[in-house]
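Here the structure is laid out as C-alpha cells; the discussion comes afterwards.
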Amino acid sequence: MATAAPPMPFEKTLANAALHAHIEKEMPKTAPIPADESNLLGGANVYRENCAVCHGVAGGTPTAVSRGMFPKPPKLLEGMGVTDDPPGETYWKVANGIRLTGMPSFSESLSQTQMWQVSLLAANANKLPDSVKSALYRPIPLVPEQTPAPPAATPPTPPKQ
Numbered sequence: 118m119a120t121a122a123p124p125m126p127f128e129k130t131l132a133n134a135a136l137h138a139h140i141e142k143e144m145p146k147t148a149p150i151p152a153d154e155s156n157l158l159g160g161a162n163v164y165r166e167n168c169a170v171c172h173g174v175a176g177g178t179p180t181a182v183s184r185g186m187f188p189k190p191p192k193l194l195e196g197m198g199v200t201d202d203p204p205g206e207t208y209w210k211v212a213n214g215i216r217l218t219g220m221p222s223f224s225e226s227l228s229q230t231q232m233w234q235v236s237l238l239a240a241n242a243n244k245l246p247d248s249v250k251s252a253l254y255r256p257i258p259l260v261p262e263q264t265p266a267p268p269a270a271t272p273p274t275p276p277k278q
C-alpha cells in the first residue's frame, strides 16, 4: 500500500473505469469561455502557480513532490497529456479533485474562469501560441531572501543613584 509499491492487480483498471463513468455523466459539455490567447495566458499563469509542482512543465525535471506521489501525476503538457480530453473533463477534475490520487479540488481556491482557463490550456497544450509558451516556460523568479530587520534600539538605562 506504500506509494513506492507497484499498483495491485486490476487497481488502475477498476479505479479508472469508475472515475471515467462518473466524470462523463457530470462534466460540462461546452466551455463558457473561448480558447483565445487571453484565456490561454490566464491558464498559463494558473498552471505555473498551482499545477506545475505536480504535473511539471515540458522538458522540466520532476519535483520532489511529484516523484513522491502515487499514482504518479500525469504530465499534462508533454506528449498527448490531456490534449485529447474534452476541456469539460479537465475542468471537472480541476474543480472536484480525484480521491486517493493527490489531485485536490480547486473549487474553493480558484474562480470558475481560472479553472476553465487552465482546462483550456491543457486541452490545447500541443498548439499553444508563442506568447503563451513564453509565459508558461519563463523561469520562475526566486523570492529574494528576507533580511531580518535590525534589532530595535533599546533605550539607555538611567544611571542608578
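Numbered according to this note's numbering, the sequence shown spans residues 118 to 278.
Cβ atoms here follow ideal geometry from the backbone N, Cα and C, with glycine treated the same way.
Write down every uninterrupted run of the alpha helix (DSSP H) in the region 134-199 whose length is 4 residues or greater and which is fully enclosed by it, in chain order.
154-167, 169-172 and 181-184
Work out the CA separation of A161 and A121 for me, nearest whole Å.
31 angstroms
Looking only at its chain, what residues have a beta carbon closer than 7 angstroms to the beta carbon of N243, apart from the 5 residues adjacent to it on each side?
T200
Measure the C-alpha to C-alpha separation of P151 and P203 and round it to an integer number of angstroms.
14 angstroms
In the DSSP output, what is M220 paired with across the bridge?
I215
Is it buried or exposed, H172, if we count other Cβ atoms within 10 angstroms and call 16 or more buried?
buried
Tell me which residue opens and which closes the alpha helix (DSSP H) that K250 is part of.
D247 to Y254
Where does E206 sit, in a helix, a strand or coil, going by DSSP?
helix
Helix, strand or coil, according to DSSP, for M232 in the structure here?
helix
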